[in-house]
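Undergrad: Numbered according to the working numbering, the sequence shown spans residues 1408 to 1641.
Take a look at this one; I'll ask things after.
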Amino acid sequence: MPSVFLHDWNLSPAEAIALQKRLAGRVEREDRLGEVRHIAGVDIGFEQGGTITRAAVVVLAWPPRGPGVFDVVEEVVHREPTRMPYIPGLLSFREVPAALAAFERLGVMPDLVMVDGQGIAHPRRLGVASHLGLWLDLPTIGVAKSRLCGRHGEPGPARGDWTPLTDGPDDEVIGAVLRSRVGVKPLFVSPGHRVSLATALRWVVGCLGRTKLPEPTRLADRLASRRGQAANFI
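Have a look at this one:
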């Protein structure tokens, strides 16, 4: 699938930080979704001591056949040399290039993308889900397992309970801390691009199955961890 060219990737940390601040102003925090027929889950990780970036993308049909039961339409794993060393706050510059290459290999264009990572819940409001959403010009949602920044209380004990994640002197709401399963640590959900927080929460809850993670990112993580696969791997 085609993407929007935003910038070169060969940047110094100072240049990347300045670029994040500019791109954050282009992130749309209101809903701009059409009909959703396919949802993609994205998981990005590293191999061989961080020298190789691995992006796994799973495309699922919407609606599911039952609660948490999705049909997999397509899946791709792409590996390439890591372009930037680990620098706190600049993770998207390590992760997004491999994700874009994986999306280019898809035959089915998703209408909504869930990313294992932050959206606007980022010190400069440009986490990996927001950065990827700008490149793809698609609605994206960040679903992270841990907090990068901000303050929050404890969500209620029931599945679907949540509390706002806020940051800055004005307590800007940058996401939600969601109880996705009774008795487990919450998830950190934030809008990526072209999605409001309320809509992001609705989709994440709607994609929950029997585990803590929503099925799109859970299945992407499972695909990334799978061994002995040959098809669609490079």
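Every residue gets a Cβ at the ideal spot worked out from N, C-alpha and C, and that includes glycine.
All values reported here derive from a predicted model rather than from experimental measurement.
1) Tell me, to the nearest whole angstrom, how far the beta carbon of Phe1595 is from that of Arg1554; I am working on the premise that it is less than 8 Å.
2) Nearest by alpha-carbon distance to Pro1593: which of Pro1571, Arg1512 and Phe1500 is it?
3) Give me the DSSP bridge partner(s) of Asp1415.
4) Examine the Cβ distances between the region 1420-1437 and the region 1556-1573 and report whether three or more of them are shorter than 8 Å.
5) Do Ala1447 and Val1550 have their CB atoms nearer than 8 Å?
6) With a threshold of 16 other CB atoms inside 10 Å of the CB of Glu1502, please say whether the residue is buried or exposed.
7) Report the three-state DSSP secondary structure of Pro1504 (helix, strand or coil).
8) Residue ranges of each beta strand (DSSP E) run of no fewer than 3 residues wholly in the region 1425-1467, ordered along the chain?
9) Look at the alpha carbon of Pro1564 and the alpha carbon of Val1591, and state the distance between them as a whole number of angstroms.
10) Could you give the DSSP three-state label for His1485: helix, strand or coil?
11) Can you find the residues in the same chain that come closer than 6 Å, C-beta to C-beta, to Arg1558, ignoring five residues on each side of it along the sequence?
12) Helix, strand or coil: which one does DSSP assign to Val1596?
13) Roughly how many angstroms separate the alpha carbons of Pro1598 and Trp1542, rounded to a whole number?
14) Could you give the first and the last residue of the continuous beta strand (DSSP E) run that contains Pro1571?
15) With a Cβ-Cβ cutoff of 8 Å, do Val1464 and Ala1505 count as a contact?
TA: In short:
1) If you number the sequence shown from 1, residue 1595 lands on position 188. If you number the sequence shown from 1, residue 1554 lands on position 147. Distance from Phe1595 to Arg1554 at the Cβ level is roughly 5 Å; contact confirmed, criterion being Cβ atoms closer than 8 Å.
2) The residue labelled residue 1593 in the question sits at position 186 within the sequence shown. Of the listed residues, the one whose Cα sits closest to Pro1593 is Pro1571.
3) To locate residue 1415, count along the sequence shown from 1; it is residue 8. In the DSSP output, where bridge partners are listed per residue, Asp1415 has none listed.
4) With a cut-off of 8 Å, the region 1556-1573 and the region 1420-1437 do not count as touching, because too few Cβ pairs lie within range.
5) Counting from 1 along the sequence shown, the entry for residue 1447 is found at position 40. Counting from 1 along the sequence shown, the entry for residue 1550 is found at position 143. Their beta carbons are not under 8 Å apart, which means Ala1447 does not touch Val1550 by this criterion.
6) Sequence index remark: in the sequence shown, residue 1502 carries index 95 (1-based). By the neighbour-count rule (16 or more Cβ atoms within 10 Å), Glu1502 is buried.
7) Translated into positions along the sequence shown, residue 1504 becomes position 97. Per DSSP, reduced to three states, the secondary structure at Pro1504 is helical.
8) If we require 3 residues or more, the beta strand (DSSP E) runs fully inside the region 1425-1467 come out as 1445-1454.
9) In the sequence shown, residue 1564 corresponds to position 157, counting from 1. In the sequence shown, residue 1591 corresponds to position 184, counting from 1. For Pro1564 and Val1591, the gap between their C-alpha atoms comes out near 9 Å.
10) Numbered from its first residue, the sequence shown carries residue 1485 at position 78. The DSSP-derived three-state label of His1485 is strand.
11) By one-based count along the sequence shown, residue 1558 stands at place 151. Taken in chain order, the residues that qualify are Thr1573.
12) On the sequence shown, position 189 is the one that residue 1596 refers to. Val1596 falls in the strand class under three-state DSSP.
13) Here residue 1598 refers to the residue found at position 191 when the sequence shown is read from its first residue. Here residue 1542 refers to the residue found at position 135 when the sequence shown is read from its first residue. Separation of Pro1598 and Trp1542 (C-alpha to C-alpha, rounded to the nearest whole angstrom) is 15 Å.
14) Here the question's residue 1571 lines up with position 164 in the sequence shown. Run containing Pro1571: Trp1569 to Asp1574, per the beta strand (DSSP E) assignment.
15) The residue given as residue 1464 occupies position 57 in the sequence shown. The residue given as residue 1505 occupies position 98 in the sequence shown. Val1464 places its beta carbon 8 Å or farther from that of Ala1505.
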